[in-house]
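Student: I have a structure I would like to understand better, so I am pasting it below and will then ask my questions one at a time.
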């Protein structure tokens with residue numbers, strides 16, 4: 016075991032970082048990231064509000080409503096003149112990402128975005144492995160069309176996707192992947 | 016008075032059209048328009064869900080929640096590779112559009128969209144005049160910066176904006192204005 020200053024062992028450091036990351040949900044990390052992009056005038060990307068059907072209100076307060084199924088992806092916005100669109104999901108599974116997490120109309124939406132010149136992807140976090148991947152929508156759509164499986168193995172994310180490194184300043188710096196592999200001119 | 020076939024007078028025709036149009040809110044007309052664009056594979060533009068803060072749920076039903084103030088515009092999407100972003104408002108006033116209808120953070124958002132290469136505008140319907148205008152965000156922002164007034168007179172929309180003609184098939188065909196004047200290459 017390597018000795019660090021003040022007798023902190025490497026494993027402990029890793030653990031602190033590990034839990035420091037895991038303590039926040041992917042949604043919170045993405046909100047932080049998008050706030051950072053907005054503040055630094057890098058991109059204007061927002062999470063869409065959860066669609067809610069309001070049934071009844073009383074004195075301006077909602078007293079009866081229910082959650083609706085989203086018909087598009089959760090995040091969209093503008094970066095370097097490009098339309099950006101993505102969905103983000105977490106999973107507790109350590110080896111597979113179940114395709115039940117993605118609705119059919121979300122896939123149709125993603126395909127349309129690609130056809131109209133937008134940049135579209137899926138961000139998946141494997142919580143227990145503390146790994147976050149970006150998978151561009153063309154690869155996701157091709158996988159679903161060609162595979163009989165109802166889930167995507169983590170090996171596919173490793174080979175065809177891009178790992179997003181955790182960073183204290185930019186928690187999920189997905190635009191660095193878009194810069195490199197998003198087909199931006 | 017010009018006589019029309021079957022003795023229908025022109026005024027009556029106008030009236031029928033007038034109420035036919037006015038019966039629907041601008042929001043409904045825009046939803047119809049966006050559905051048409053989506054079906055015909057012209058553009059992918061959606062209204063964002065109204066932001067709602069959920070306080071309490073019971074058996075999956077929301078029993079306590081309240082409306083939050085939107086921090087961006089209501090509509091965004093993708094058209095011909097361009098990021099599209101707009102706000103839509105109706106007014107019962109016949110001569111002015113009150114700037115109270117637009118929040119400061121919405122204006123900041125619009126300015127950012129322009130700076131990052133998006134196409135951004137405001138759609139205003141003067142209900143009683145049955146007139147709908149598109150005003151590009153640069154003109155809106157300049158007006159607010161240069162004018163001391165707390166409202167925009169309809170004359171400004173006539174001179175600097177673009178009238179959107181009502182059309183049975185495409186109720187508010189704002190993309191025809193974007194095609195002509197939106198700076199699309």
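Residue numbers (this note's numbering), protein chains in the order written: chain A, 16 to 200; chain B, 16 to 200.
Yeah, the Cβ is synthetic: ideal placement off N, Cα and C, and Gly gets one too.
1) Distance, Cα to Cα, residue 104 of chain B vs residue 138 of chain B?
2) What's the C-alpha gap between residue 150 of chain A and residue 178 of chain B?
3) Under the DSSP definition of a beta bridge, which residues are partnered with residue 162 of chain B?
4) Determine which residues of the region 152-170 of chain A have a Cβ less than 9 Å from any Cβ of chain B, and write them out in chain order.
5) Which residue wins for smallest C-alpha separation from residue 39 of chain B, given the options B:186, B:192, B:193 and B:199?
6) What does a CB cutoff of less than 6 Å around residue 73 of chain A pick up in its chain, not counting 5 residues either side in sequence?
7) Chain B beta carbons: is any one of them nearer than 8 Å to that of residue 93 of chain A?
8) Kindly list the residues whose CB is nearer than 8 Å to the CB of residue 156 of chain A, restricted to its own chain and excluding five residues on each side of it in sequence; keep chain order.
9) Contact check, residue 61 of chain A vs residue 49 of chain A under 8 Å by CB: the rounded distance?
10) Within 8 Å (strictly less), CB to CB, does residue 123 of chain B reach chain A?
11) Starting from the C-beta of residue 166 of chain A, find all residues in its chain whose C-beta is less than 7 Å away, skip the five residues before and the five after it, and write them out in chain order.
12) Are the beta-carbon atoms belonging to residue 80 of chain A and residue 59 of chain A less than 8 Å from one another?
13) Looking only at its own chain, which residues have a Cβ that is under 8 Å from the Cβ of residue 133 of chain B, when we skip the five neighbours before and after it?
14) Tell me, which residues are paired with residue 61 of chain B by DSSP?
15) If the criterion is Cβ atoms closer than 8 Å, does the pair residue 64 of chain A and residue 65 of chain B meet it?
16) Between residue 87 of chain B and chain A, is the shortest Cβ-Cβ distance under 8 Å, so that the two count as touching?
Tutor: The structure says:
1) Counted from its first residue, the second chain places residue 104 of chain B at position 89. Counted from its first residue, the second chain places residue 138 of chain B at position 123. Taking the straight line from one Cα to the other gives about 6 Å.
2) For the purposes of this step, residue 150 of chain A is identified with residue 135 of the first chain, where counting begins at 1. For the purposes of this step, residue 178 of chain B is identified with residue 163 of the second chain, where counting begins at 1. One C-alpha to the other measures close to 43 Å.
3) As a first step, residue 162 of chain B is located in the second chain; it is residue number 147 there, counting from the start. Answer is none; residue 162 of chain B lacks a bridge partner.
4) Nothing from the region 152-170 of chain A brings a Cβ to less than 9 Å from some Cβ of chain B.
5) For the purposes of this step, residue 39 of chain B is identified with residue 24 of the second chain, where counting begins at 1. Comparing Cα-Cα distances from residue 39 of chain B to each of B:186, B:192, B:193 and B:199, the minimum goes to B:186.
6) Taking the first residue of the first chain as position 1, residue 73 of chain A is located at position 58. Result list for residue 73 of chain A: empty, nothing under 6 Å.
7) Stepping through the first chain from its first residue, residue 93 of chain A is reached at position 78. Chain B places a beta carbon closer than 8 Å to that of residue 93 of chain A, counting this residue as a contact.
8) In the first chain, counting from the first residue as 1, residue 156 of chain A sits at position 141. In the same chain as residue 156 of chain A, and ignoring 5 residues on each side of it, the C-beta atoms closer than 8 Å to its own belong to 122, 125, 126 and 129, in chain order.
9) Residue numbering aside, residue 61 of chain A sits at position 46 when the first chain is read from its first letter. Residue numbering aside, residue 49 of chain A sits at position 34 when the first chain is read from its first letter. Contact holds; Cβ gap of about 6 Å.
10) Sequence index remark: in the second chain, residue 123 of chain B carries index 108 (1-based). No, no contact with chain A.
11) Start at 1 with the first residue of the first chain, and residue 166 of chain A comes out as number 151. Cβ within range, chain order: 111, 112, 113 and 114.
12) The residue given as residue 80 of chain A occupies position 65 in the first chain. The residue given as residue 59 of chain A occupies position 44 in the first chain. No, these two residues do not count as a Cβ contact at 8 Å.
13) Position 118 of the second chain, counted from the start, is the residue given in the question as residue 133 of chain B. Leaving aside the five residues that flank residue 133 of chain B on each side, the residues in its chain whose CB is nearer than 8 Å to its CB run, in chain order, 97, 98, 99 and 100.
14) Taking the second chain and counting its residues from 1, one reaches residue 61 of chain B at position 46. Paired residue(s): B:91.
15) Residue mapping note: residue 64 of chain A aligns to position 49 of the first chain, counting from 1. Residue mapping note: residue 65 of chain B aligns to position 50 of the second chain, counting from 1. For residue 64 of chain A and residue 65 of chain B, yes; Cβs fall inside 8 Å.
16) Translated into positions along the second chain, residue 87 of chain B becomes position 72. Yes, residue 87 of chain B counts as interfacial toward chain A.
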